[in-house]
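Engineer: Numbering (our numbering), first residue to last: 938 to 1515.
I have a structure I would like to understand better, so I am pasting it below and will then ask my questions one at a time.
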């Protein structure tokens, strides 16, 4: 990365670490639309049972149970297909497969499928030079031989990456003018801006947006109707991240690859392109993969198997020799390395899961479609203010740090928190400047709420429990961002009648921020600074902030702080809308 861009990005990070109210650059907040709750049952995949598709249900259910209970992976939901049919599915409270979920880098493969359609149309070739596709944009001499193939295989050598994109408005120009890390085609270097450039290529060739092109040529044919793709400041889809999909629709895309580009008898993506996409084209570092990289997808250990993979455990695994697809959404606190559930799935495929001679009947693990949901209103009127606190301002925000960074979405920080009783419910009002978010806390079943930050809207499920921290009553609140991989935790310890100690933390947490920043800056010195000393302490305080609140309003006389834990008992039930 050039020095100017590195300096701007470092300033942004430092301002956040200092707890500044304003970021170092003007925010580019994506306008995230609320999730559409209307039912779309007609587009669902066919259902079956493991037994009917030749799979031992006991072994399959044991795998799903073990994966779902692994706290390191934090599985949100899982779908298993065989012969193109759903044979098992699981949602972990409070997540719901009927709500779209961020895919992160998993969507790189979706962008590559769009490239394949254009190649099949004869409008694009992998040998085409990128500079010829953007004749009005100045291309530095070292990118004159950059081709679509180099973008597909992560071998462009470009230094323009996600950190730089936060400080630039013209990403195509920034990419084609950035200094290279190495000569084009020399080696593999993972950079999501390669995928963005593919999205820009598709827009340039078709004159359409990537979303519009995919909706017309791929998604409508496959019954994929509820999706959203974030765009850059110039309106081009990000290509390598920012796509929200229902998990079942992500599984469909895996099935499309397994079918060699054919859906319901119609060839949507050329078979030859799918075959080339799944070949070993470049060599990623061993910490990323031991099996090679194809066209915007990772190869897996089994022959002809490929993996669509996104940050924090978003996965679609395609296993042709077993005619299976595994789709997973998760919130793992991990950037590198293969997920534990993939190792377990590999073992499952090798341990006789297809030997059905001793099958024991068991009801299929298939959930019914969720009931149609309405919008989630904020309750008003009839509120009894219990406690209201002014918060010591230190740049503490309700939005998890990762969502602030990835969406370039920064608020002024929490300055007031109120606890209210409305009917039998407990509500928490969180004020950040002029913005208020009201969270209803569920003590037996998580409750659905909406959170806003600037122009961003997020669907969350809130659950809580009472306990004690030392001698002080303590309220712990878990805020799951249902469309994201992130969870925010809030802990309120009521030390005296007039003070509350507030602690916030999140998963994925500070380890991910530290590792991600060192990789994105691509600087050994920066990596060392982030791993220890004062900067590491700042990262800890950013991801796990603590502060004190002072009571500003007299408590309502009917309020009594509970003296015992009556919180959540297990994970039964489902999130309910309000």
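Glycine included, every Cβ here is placed at the ideal spot set by N, Cα and C.
Predicted model only: the values in this text are computed from it and were never measured.
Just checking residue 1069 against the ligand ZN - is the residue's beta carbon closer than 6 Å to any of the ligand's heavy atoms?
Structural biologist: As far as ligands go, the structure on display features none, and thus does not contain the ligand ZN.
Engineer: Are at least three pairs of beta-carbons, each pair with one atom in the region 1155-1169 and one in the region 1191-1207, less than 8 Å apart?
Structural biologist: Yes, they touch.
Engineer: Please determine, among 1390, 1438, 1377, the residue with the shortest C-alpha to C-alpha distance to residue 1406.
Structural biologist: On the chain shown, position 469 is the one that residue 1406 refers to. Checked all of 1390, 1438, 1377; the closest Cα to residue 1406 is 1438.
Engineer: Skipping 5 residues on each side, what residues in its chain have a beta carbon closer than 6 Å to that of residue 1082?
Structural biologist: Taking the chain shown and counting its residues from 1, the one referred to as residue 1082 is at position 145. Here the set comprises 1121.
Engineer: Based on DSSP bridge pairs, tell me the residues matched to residue 1332.
Structural biologist: Counting from 1 along the chain shown, the entry for residue 1332 is found at position 395. Bridge partners of residue 1332: none, in fact.
Engineer: Please list the terminal residues of the continuous alpha helix (DSSP H) segment that includes residue 1261.
Structural biologist: Locating residue 1261 in the chain shown gives position 324, counting from the first residue. That residue, residue 1261, is in no alpha helix (DSSP H); its beta strand (DSSP E) goes 1261-1267.
Engineer: By alpha-carbon positions, which one of 1426, 1483, 1430, 1422 ends up nearest to residue 1040?
Structural biologist: Position 103 of the chain shown, counted from the first residue, corresponds to residue 1040. The shortest C-alpha separation from residue 1040 is found at 1422.
Engineer: When you compare each of 1079, 1287, 1061, 1069 to residue 1210 by their alpha carbons, which one comes out closest?
Structural biologist: One-based indexing of the chain shown puts residue 1210 at position 273. When only C-alpha atoms are compared, the closest one is 1061.
Engineer: Residues bridged to residue 1374 by DSSP?
Structural biologist: Position 437 of the chain shown, counted from the start, is the residue given in the question as residue 1374. Beta-bridge pairing links residue 1374 to 1367.
Engineer: Anyone know if the C-beta pair for residue 1130 and residue 1112 falls short of 7 Å?
Structural biologist: The sequence position of residue 1130 within the chain shown is 193, counting from 1. The sequence position of residue 1112 within the chain shown is 175, counting from 1. Contact flag set, yes.
Engineer: Name the residue from 1116, 1164, 1342, 1337 whose alpha carbon lies nearest to the alpha carbon of residue 1100.
Structural biologist: As a working mapping, residue 1100 is identified with position 163 in the chain shown. Residue 1342 is the option with its Cα nearest to residue 1100.
Engineer: Given this structure, state the Cα-to-Cα distance separating residue 1482 from residue 1258, to the nearest angstrom.
Structural biologist: Counted from its first residue, the chain shown places residue 1482 at position 545. Counted from its first residue, the chain shown places residue 1258 at position 321. So the two alpha carbons sit approximately 49 Å from each other.
Engineer: If you draw a straight line from the alpha carbon of residue 1124 to that of residue 1177, how long is it in whole angstroms?
Structural biologist: Counting from 1 along the chain shown, the entry for residue 1124 is found at position 187. Counting from 1 along the chain shown, the entry for residue 1177 is found at position 240. If I take the Cα positions, the gap works out to 19 Å.
Engineer: Under a three-way DSSP split, which group does residue 1225 fall into?
Structural biologist: Against the chain shown, residue 1225 aligns to sequence position 288. Three-state DSSP puts residue 1225 in coil, outside helix and strand.
Engineer: Using beta-carbon positions only, say whether residue 1377 and residue 1388 come within less than 7 Å of one another.
Structural biologist: By one-based count along the chain shown, residue 1377 stands at place 440. By one-based count along the chain shown, residue 1388 stands at place 451. Not closer than 7 Å, so no.
Engineer: At which residues does the alpha helix (DSSP H) containing residue 1057 begin and terminate?
Structural biologist: As a working mapping, residue 1057 is identified with position 120 in the chain shown. First-last of the alpha helix (DSSP H) with residue 1057: 1045-1057.
Engineer: From the DSSP output, which residues share a beta bridge with residue 1014?
Structural biologist: For the purposes of this step, residue 1014 is identified with residue 77 of the chain shown, where counting begins at 1. In the DSSP output, where bridge partners are listed per residue, residue 1014 has 1028, 1266.
Engineer: In chain order, what are the residue ranges of uninterrupted beta strand (DSSP E) at least 3 long that sit wholly in the region 1099-1180?
Structural biologist: Runs of the beta strand (DSSP E) inside the region 1099-1180: 1164-1166.
Engineer: Mapping DSSP to helix, strand and coil, what is residue 1358?
Structural biologist: Numbered from 1 along the chain shown, position 421 holds the residue referred to as residue 1358. Residue 1358: strand per DSSP, three-state reduction.
Engineer: So residue 1155 and residue 1054 are in contact, right, with Cβ under 8 Å, and what is the actual spacing, rounded?
Structural biologist: Sequence index remark: in the chain shown, residue 1155 carries index 218 (1-based). Sequence index remark: in the chain shown, residue 1054 carries index 117 (1-based). With 8 Å as the limit, residue 1155 and residue 1054 qualify as a contact, their Cβ atoms being about 7 Å apart.
Engineer: Whole-angstrom Cβ separation of residue 1017 and residue 1290, contact assumed at under 8 Å?
Structural biologist: Along the chain shown, read from residue 1 onward, the residue named residue 1017 stands at position 80. Along the chain shown, read from residue 1 onward, the residue named residue 1290 stands at position 353. Not a contact, Cβ separation roughly 11 Å.
Engineer: Have a look at residue 971 and residue 1188 and give me their C-alpha separation to the nearest angstrom.
Structural biologist: As a first step, residue 971 must be located in the chain shown, where it is residue number 34. As a first step, residue 1188 must be located in the chain shown, where it is residue number 251. So the alpha carbons of these two residues sit roughly 23 Å apart.
Engineer: Can you find the residues in the same chain that come closer than 6 Å, C-beta to C-beta, to residue 1168, ignoring five residues on each side of it along the sequence?
Structural biologist: On the chain shown, position 231 is the one that residue 1168 refers to. Hits under 6 Å: 1174.
Engineer: Return the bridge partner residues of residue 1023 from the DSSP annotation.
Structural biologist: For the purposes of this step, residue 1023 is taken as residue 86 along the chain shown, with counting starting at 1. Looking at the DSSP assignment, residue 1023 forms a beta bridge with 984, 1018.
Engineer: Whose CA, out of 1147, 1128, 1126, lies closest to the CA of residue 1136?
Structural biologist: Walking along the chain shown from the start, residue 1136 turns up at place 199. Nearest C-alpha to residue 1136: 1147.
Engineer: Which whole-angstrom value is the C-beta distance of residue 1444 and residue 1007, which I expect to be below 8 Å?
Structural biologist: Translated into the one-based positions of the chain shown, residue 1444 becomes position 507. Translated into the one-based positions of the chain shown, residue 1007 becomes position 70. Actually they are not in contact, since the Cβ atoms of residue 1444 and residue 1007 sit about 13 Å apart, beyond 8 Å.
Engineer: Buried or exposed, going by whether 16 or more other CB atoms sit within 10 Å of the CB of residue 976?
Structural biologist: Taking the first residue of the chain shown as 1, we reach residue 976 at position 39. Label assigned to residue 976: exposed.
Engineer: Tell me the rounded alpha-carbon separation between residue 1103 and residue 1051.
Structural biologist: Stepping through the chain shown from its first residue, residue 1103 is reached at position 166. Stepping through the chain shown from its first residue, residue 1051 is reached at position 114. Those two C-alpha atoms are separated by around 25 Å.
Engineer: Checking the sheet assignment: what are the DSSP bridge partners for residue 1219?
Structural biologist: Within the chain shown, the letter at position 282 stands for residue 1219. Partner(s): 1230.
Engineer: According to DSSP, simplified to helix, strand and coil, what is residue 1423?
Structural biologist: In the chain shown, residue 1423 corresponds to position 486, counting from 1. In the structure shown, residue 1423 sits in coil (DSSP, three-state: anything other than H, G, I, E or B).
Engineer: If you reduce the DSSP assignment to three classes, tell me which class residue 1477 lands in.
Structural biologist: To locate residue 1477, count along the chain shown from 1; it is residue 540. Residue 1477 falls in the helix class under three-state DSSP.
Engineer: Can you pull the DSSP bridge partners for residue 1483?
Structural biologist: Your numbering for residue 1483 matches position 546 in the chain shown. Partner(s): 1440.
Engineer: Nearest to residue 1183 by alpha carbon, out of 1026, 1425, 1268, 1035?
Structural biologist: Translated into the one-based positions of the chain shown, residue 1183 becomes position 246. When each option's Cα is compared against that of residue 1183, the closest is 1035.
Engineer: Using the three-state DSSP reduction, which class does residue 1085 fall into: helix, strand or coil?
Structural biologist: Translated into positions along the chain shown, residue 1085 becomes position 148. It is helical.
Engineer: Expressed to the nearest angstrom, what Euclidean distance is found between the alpha-carbon atoms of residue 1329 and residue 1484?
Structural biologist: Here residue 1329 refers to the residue found at position 392 of the chain shown. Here residue 1484 refers to the residue found at position 547 of the chain shown. In a straight line, the C-alpha of residue 1329 is about 6 Å away from that of residue 1484.
Engineer: When the distance is taken between beta carbons, is residue 1235 closer than 7 Å to residue 1246?
Structural biologist: The residue you call residue 1246 lines up with position 309 of the chain shown. The residue you call residue 1235 lines up with position 298 of the chain shown. A contact, by the Cβ cut-off of 7 Å.
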